[in-house]
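Taking it in order: structure first as structure tokens, then the write-up.
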Amino acid sequence: MTKVTGRLWRDGEPHDDEFAFDAISDCLASERQLVWADIYDPDHDTLRLLAAELGLNTWAVEDAVAPKERTKTAVYQSHTFFTVYALGTHEPAGDSASMLVKHRISAFVLPRALITVRLPGLNSGAAEFDIGEVSRRFDELGGQSHGVGALVHGLLDVVVDGHFDAVQVLDDAIEALEDELFSGSGDRAEPHGLQRRTFRVRKDLVDLRRVVLPVREVVSTIQHRRLDARTSPELDPLYADLYDHVLRASEWTESLRDMVTTVFETNLSLQDARLNTVMKKLTGWAAIIAVPTAITGFYGQNVLYPGVDTVAGFLTSSAVIVVLVVVLYAMFKRRDWL
């Protein structure tokens, strides 16, 4: 169900009670006003009417509600459009379930307005994106005095912080896999559990990489668009710091991909090493068992030989078996074959 909320500022003072979605174009007619409209789970007709009222690009409107749209930005003559994904985490229901929760956010940036379009999270029951945090950060920056650039910065700052939190969760998950890998507890409890969890983390990292890496281009494009407009130079250091955070999140994501690949390969190597150890011990015990089998088989022939049907022959064969078994056991133990 479509839900519309918004805020209105006039001369630097909030007038949220005067916000009306049907009259956004009237609010933008005055240079003294700044508007932010947030549309959650929109229907196509709502966006189409808004696009006609504000002169938004038709293809950008289609992209805002199209399924599985990628992270991107596009600059038009009257506005800038971008799509990003906010990330959250939750406890997965099983070894194969994802830990990530993605919230898609599209935005139309006009000279005195920001229109955000949000779609429901892809995981049922997961917490929704906290859009109120964007408003709080905008107020912390000084509100309308920095224009719509402060609103965009607040939105992207919250999104990037969520990326950092998601990367940290996956980092902790990989460390848990490493501890389980070398303790061997996972293999004893459930042979395929560690493999499933490793594969799940690899899938989450692929999704994380698709979301985090393109944000660099989004921030860079918006920052240069602002510089071209020569507005709010006070925000330039903040955007530079935001871009640095995006780079750090991207580099961290890349390093985690290498780490989980190492965990996966190390697990295979340890399995091979354990298999070799088992085969080595089985071979050693088979050699030990073969000695008494050979001797008793010799004495079991239906032919006459020295010591047949005598106590001395039985004692001699038993002594030979014991001596050879002890000698082989000592030799294999000294070479760590058992």
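The opening position of the sequence shown corresponds to residue 28 in this note's numbering, with each subsequent residue numbered one higher. Ideal Cβ positions, reconstructed from N, Cα and C, are used throughout, including at glycine.
The Cβ neighbour count for S105, taken over all protein chains shown within 10 Å, is under 16; the residue is labelled exposed. The beta carbon of P319 lies closer than 7 Å to those of I348, V352 in the same chain, with the five residues before and after it left out. C-alpha of G340 to C-alpha of N303: approximately 40 Å in a straight line. Under the DSSP assignment, F109 falls in the beta strand (DSSP E) whose first and last residues are 107 to 116. L197 and A91 have their alpha carbons spaced roughly 29 Å apart. Proximity to W63 across T143, M306, K360, D188 peaks at T143, based on C-alpha coordinates. With a threshold of 16 other beta carbon atoms within 10 Å, T323 falls short and is exposed. Secondary structure of Q60 (DSSP, three-state): strand.
Membership of G33 in the beta strand (DSSP E) is indicated by the continuous run 30 to 37. Taking the Cα of A93 as reference, the smallest distance to any Cα among H71, A177, E118 is reached at H71.
A contact between stretches requires three or more CB pairs, one per stretch, nearer than 8 Å, and the stretch 273 to 291 meets this requirement with the stretch 187 to 202.
The alpha carbon of L146 has as its nearest neighbour, out of G176, A124, K95, the alpha carbon of K95.
Put simply, the backbone Cα of S296 is about 29 Å away from that of A193. The alpha-carbon separation between D53 and T32 amounts to approximately 17 Å. Contact between the stretch 243 to 252 and the stretch 262 to 282 is present: three or more C-beta pairs spanning the two stretches fall below 8 Å.
A residue is called buried once 16 or more other Cβ atoms fall within 10 Å of its Cβ, and E207 is buried on that count. Contact between H190 and L114 holds, since their C-beta atoms are separated by about 6 Å, short of 8 Å. Burial check for V242: the Cβ neighbour count within 10 Å reaches 16 or more, so the residue is buried. Judged by their CB atoms, V238 and V111 are nearer to each other than the 9 Å cut-off.
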